[in-house]
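No gaps in the numbering here: position 216 of the sequence shown is 222 in the working numbering, and each next residue is one more.
A short write-up of the structure that comes next.
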Amino acid sequence: MSEQNKITKAIRIQTELTNEMEHSTPMFLTSSFQFDNAEDMRAAFADESDDNIYSRFSNPSVQEFIDKMCALEGAESGYATASGMSAVFGSFMALMKQGDHLLSCNAIFGSTHTVISKYLPKFGIAYSYVPSNATEQEWEAAIQPNTKMIYVESPTNPGLDILDLAMIGKLCKKHHIIFNVDNCFATPINQTPISLGADIVIHSATKWLDGQGRVLGGVVVGKKELIKEIYLFCRSTGPALSPFNAWVLSKSLETLDVRMERHASNALFIAEQLQQHDKISFLKYPFLATHPQHTIAIKQMKNGGGIVCFELKGGLESGRKFLDSLEMLSLTANLGDTRSIASHPASTTHAKLTEAERQAVNITPGLIRISVGLEYKQDILNDILQALEKC
């Protein structure tokens with residue numbers, strides 16, 4: 007058979023058939039696994055075999071999800087976790103130690119900022135930030151002798167800044183630094199950071215990978231030797247993905263390609279229709295020519311993704327009125343759902359940042375983030391327009 011497309015691989019990868027000859031993979035809802043004899047059990051605990059022991063370590067349902075993600079991202083290995091944040095934290099703690107330094111883009115998810123700024127220093131791991139629009143020279147100047155990892159999001163949450171992953175990847179290779187990329191917003195359908203130089207790639211599977219707001223999950227994939235360290239850390243500390251959630255996510259990946267195509271086409275339509283609206287001071291979408299990093303976006307992304315963000319001229323009060331005036335769009339702490347979602351980052355996901363920190367990453371009082379769903383595009387637009395008129 008000729009080499010299969012990654013989409014085909016992700017759809018066709020399945021756990022080995024049972025004697026029932028099922029077409030859809032069953033769920034392996036078990037906490038532990040049996041052995042035929044004492045020697046097999048000893049060998050499994052000694053890591054001399056790949057036999058399953060305990061679902062905190064490994065589980066067939068979880069492994070199927072991991073295998074599909076590795077196929078989509080072009081990764082050697084992976085480990086799935088209970089949430090996106092446990093994947094982020096696990097990658098930090100497994101691969102850095104006391105005395106190391108983390109260099110990060112300053113435009114990152116609020117909880118990730120909390121982990122970096124509040125908790126990593128407790129373990130003796132230093133950190134520093136560079137702006138999302140930093141040049142190659144600025145990135146290289148920020149590298150310290152003890153820099154062990156560079157961590158970025160692209161597109162960033164929530165401001166949709168686009169970082170040149172190939173450029174940062176080359177710097178990491180030059181300085182022997184681990185390159186860690188959060189690919190949650192783009193998904194592996196839209197962007198594959200490993201092909202651009204990333205060593206490991208992280209996802210909150212809760213978002214687009216699930217796509218229907220049902221389960222929590224996270225995954226980190228990448229170089230085999232790095233994933234082994236993350237696996238060993240997580241195996242001992244416990245942030246394992248549940249078999250049920252893994253089964254749901256594995257099935258979700260089979261429709262990821264077609265879903266993301268619709269999300270992106272809807273989002274582009276919404277962005278084009280709103281960019282000249284008189285209640286909006288600016289609007290950002292990666293595949294609009296007006297985006298500051300549009301050239302980078304079209305170079306490394308297949309499409310602009312499913313997120314649109316804009317700033318309301320009336321600031322905080324207009325933001326509240328806009329959200330309260332929506333009739334169809336959901337107000338919820340999530341994104342990447344079949345249903346369109348509106349949020350106000352300054353008062354929710356990034357509320358724990360100081361005002362100065364929010365300003366540094368362009369999270370302004372009137373910033374609105376729209377996760378564009380799969381509804382009919384005109385219905386999404388109509389709800390946004392009627393809410394804007396009430397601001």
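We treat Cβ as the ideally placed atom computed from N, Cα and C, and that holds for glycine.
Remember, predicted model here, so these are calculated numbers, not experimental data.
Range covered by the beta strand (DSSP E) that runs through residue i
{"i": "Asn186", "result": "184 to 188"}
{"i": "Ile302", "result": "From DSSP, Ile302 is part of no beta strand (DSSP E) but of the alpha helix (DSSP H) over 300 to 306."}
{"i": "Thr120", "result": "No beta strand (DSSP E) contains Thr120, which is instead part of the alpha helix (DSSP H) from 116 to 120."}
{"i": "Met155", "result": "153 to 159"}
Endpoints, alpha helix (DSSP H) assigned at residue i
{"i": "His209", "result": "Element bounds for His209: not the alpha helix (DSSP H) but the beta strand (DSSP E), 206 to 210."}
{"i": "Glu79", "result": "66 to 79"}
{"i": "Val221", "result": "Here Val221 belongs to no alpha helix (DSSP H), and DSSP marks it neither H nor E."}
{"i": "His181", "result": "171 to 181"}
{"i": "Arg48", "result": "44 to 51"}
Short Cβ contact (7 Å threshold) for residue i with residue j
{"i": "Lys285", "j": "Lys229", "result": "no"}
{"i": "Val121", "j": "Val158", "result": "no"}
{"i": "Asn196", "j": "Lys308", "result": "yes"}
{"i": "Leu341", "j": "Thr87", "result": "no"}
{"i": "Gly96", "j": "Phe239", "result": "yes"}
{"i": "Phe275", "j": "Lys383", "result": "yes"}
{"i": "Ser64", "j": "Pro245", "result": "no"}
{"i": "Ile168", "j": "Ala303", "result": "yes"}
{"i": "Asp343", "j": "Gly219", "result": "yes"}
{"i": "Leu177", "j": "Glu144", "result": "no"}
{"i": "Gln279", "j": "Leu289", "result": "no"}
{"i": "Ala352", "j": "Leu332", "result": "no"}
{"i": "Ile200", "j": "Ala16", "result": "no"}
Spatial neighbours of residue i in its chain, beta-carbon cut-off 6 Å, leaving aside the 5 residues before and after
{"i": "Ile13", "result": "Asp263"}
{"i": "Met153", "result": "The sequence given here places Thr at residue 153; Met does not occur at that position. Cβ within range, chain order: His107, Leu109, Ile183."}
{"i": "Pro66", "result": "Thr21, Phe34"}
{"i": "Ser123", "result": "none"}
{"i": "Ser117", "result": "Met91"}
Identified DSSP bridge partners for residue i
{"i": "Ile376", "result": "Val314, Ala348"}
{"i": "Gly228", "result": "Ser83, Ile206"}
{"i": "Phe288", "result": "Glu317"}
{"i": "Leu166", "result": "According to DSSP, which records beta bridges pairwise, Leu166 is partnered with nothing at all."}
{"i": "Ser336", "result": "Ile347"}
{"i": "Glu125", "result": "The question names Glu, but residue 125 in the sequence shown is Tyr. Paired residue(s): none; Tyr125 is not in a bridge."}
{"i": "Ala246", "result": "Thr87"}
{"i": "Ser110", "result": "Tyr135, Tyr157"}
Spatial neighbours of residue i in its chain, beta-carbon cut-off 7 Å, leaving aside the 5 residues before and after
{"i": "Leu394", "result": "His283, Lys285, Phe328"}
{"i": "Gly84", "result": "Ile72, Met75, Cys76, Val225, Val226, Val227, Ile233"}
{"i": "Asp42", "result": "none"}
{"i": "Thr24", "result": "Pro32"}
{"i": "Val254", "result": "Asp216, Arg220, Val221"}
{"i": "Ile19", "result": "Glu70, Asp73, Lys74, Ala77"}
Cβ neighbours of residue i in the same chain (closer than 8 Å, five flanking residues each side left out)
{"i": "Glu235", "result": "Ala100, Leu101"}
**Request:** Give a yes or no on contact between the stretch 212 to 223 and the stretch 181 to 193, applying the rule of three or more CB pairs nearer than 8 Å.
**Result:** Output reads yes: the stretch 181 to 193 touches the stretch 212 to 223.
**Touching by the beta-carbon criterion (3+ pairs, under 8 Å), the stretch 308 to 323 and the stretch 360 to 380** = Put simply, the stretch 308 to 323 touches the stretch 360 to 380. At least three CB pairs are less than 8 Å apart.
**Request:** Determine, using beta-carbon pairs with one atom in the stretch 107 to 122 and one in the stretch 134 to 153, whether at least three such pairs fall under 8 Å.
**Result:** Yes, the stretch 107 to 122 is in contact with the stretch 134 to 153.
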